[in-house]
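Report on the following structure.
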Amino acid sequence: AEQFCSDMYHADFSHISALIAQLPEGIDPALGRLPTIGKQFSSRNGHGTGFFTEAGEVVGNINGPIAGKWYQGPHQAEAIERLGEPRGSQIFGGHMTVFPTFSFLPGIQTLRVWHPRGPGEIEVWAWALVDREAPPEVKNAVRLGVLRTFSAGGIF
4 AEQFCSDMYH
14 ADFSHISALI
24 AQLPEGIDPA
34 LGRLPTIGKQ
44 FSSRNGHGTG
54 FFTEAGEVVG
64 NINGPIAGKW
74 YQGPHQAEAI
84 ERLGEPRGSQ
94 IFGGHMTVFP
104 TFSFLPGIQT
114 LRVWHPRGPG
124 EIEVWAWALV
134 DREAPPEVKN
144 AVRLGVLRTF
154 SAGGIF
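Residues in the sequence shown are numbered consecutively from 4, following the working numbering.
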């Protein structure tokens, strides 16, 4: 799960064409760039995280425009009220791992538990996370977004 602790820059090289291809209709592909400013943390015990501190059109729309509008609209206002300005409005996308086997991609909303099964083998259990207060169409958009990106048949 190394990529979930560091290497935030790899997305621009590994995933950007897939991100641009799935942008909602009407969004200029030039706006499909990933943010470049963020924070990175790692501990000597193997835990780590990284996240963007500037918004970008693409981060909020990875799971589609329905989820993007909800998370960047009413849900974000509630997050700012509950968490304060920096945590509620200045952290976009990211990655994290609690070493050795628990990882999360906020923004894409997928949680992973990595199960080593022997030399050169690993089993991954994955979930899509969505706020229980989200309307059904947002829940479905997140589910489909995770399937489209980080599932066995996903484009990432």
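For every residue, glycine included, the Cβ atom is placed at its ideal position computed from N, Cα and C.
- So, using beta-carbon positions, are Leu86 and Gln112 closer together than 7 Å? Their beta carbons are not under 7 Å apart, which means Leu86 does not touch Gln112 by this criterion.
- If you pair each beta-carbon of the stretch 87-100 with each one of the stretch 110-127, do three or more pairs fall below 8 Å? yes
- Query: So which of Gly49, Leu147, Ala24 has the shortest CA-CA distance to Phe102?
  - Reply: Gly49
- Query: Ordered along the chain, which non-local residues of its own chain (more than five positions away) have a Cβ less than 6 Å from that of Ala4?
  - Reply: A caution first: Ala4 carries a pLDDT of 48, below 50, which makes its placement in the model unreliable, though a value can still be read off. Answer for Ala4: Thr100, Ser106, Trp117, listed in chain order.
- Message: Taking the straight line between their C-alpha atoms, what separation do you get for Ile158 and Leu26?
- Response: Answer to the nearest angstrom: the Cα atoms are 13 Å apart.
- Item | Nearest to Gly29 (by Cα), restricted to the options Ala137, Gly121, Pro68 | Pro68
- Query: Would the beta-carbon of Pro77 fall within 7 Å of that of Glu57?
  - Reply: no
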